[in-house]
Amino acid sequence: MDNASLDAEFNNTLSALTMQGLDLNKVRGGRKGQQQLAQAVAMESANRVLTRNALDVLKSIAVGEYKSPEERAAEAEAAAEAAQAEAQPAEAEAETEPAAAEVEAPTAETEPKSEGEAESKSE
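Numbering-wise (the numbering used here), the sequence shown opens with residue 15 and increments by one.
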């Protein structure tokens with residue numbers, strides 16, 4: 015369980031409560047009441063995330079796709095290494111492309127003159 019999923023579930027639960035008409039400013043107990051409500055929502059959110067994760071594991075077992083945490087960690091590590099290996103050549107290409115573009119772009123001072131212009135200026 016990670017903080018991102020907890021935060022998302024907390025925000026979803028809190029927004030669902032406010033859509034049902036809950037006004038946090040009208041909660042009994044003032045600041046302490048609001049804090050207790052927030053803690054209750056956080057506990058409910060954590061419960062939902064844990065339940066969802068447990069049901070996902072049970073579903074993967076039922077359909078025969080279960081992978082142990084070690085296997086999932088190894089796959090995630092391999093995917094991260096592959097992504098890093100792909101990103102390094104892309105970064106090297108990105109660094110060389112602007113330099114090549116600067117070299118190719120002729121300036122007004124270095125543009126070659128036509129033969130007629132070169133002869134008239136030399137005379």
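Where a beta carbon is used, it is the ideal one built from N, C-alpha and C, also for glycine.
Computed from a predicted structure; not experimentally measured.
| Query | Result |
| --- | --- |
| Short Cβ contact (8 Å threshold) for Val-63 with Leu-31 | no |
| Inside the stretch 46-80 only - beta strand (DSSP E) runs reaching at least 3 residues | none |
| Buried or exposed (CB count within 10 angstroms, at least 16 for buried), Ser-29 | exposed |
| Glu-137 in three-state terms, based on DSSP | Confidence at Glu-137 is low in this model, with a pLDDT of 47, below 50, so its placement is unreliable and no value can be given for it. |
| Leu-38 versus Asn-26, Ala-52, Asn-25, residue with shortest Cα-Cα distance | Ala-52 |
| Candidates Gly-43, Lys-46, Ala-87, Ala-56, of which the one nearest Ala-22 by Cα | Ala-56 |
| As assigned by DSSP and simplified to three states, the class of Ser-29 | helix |
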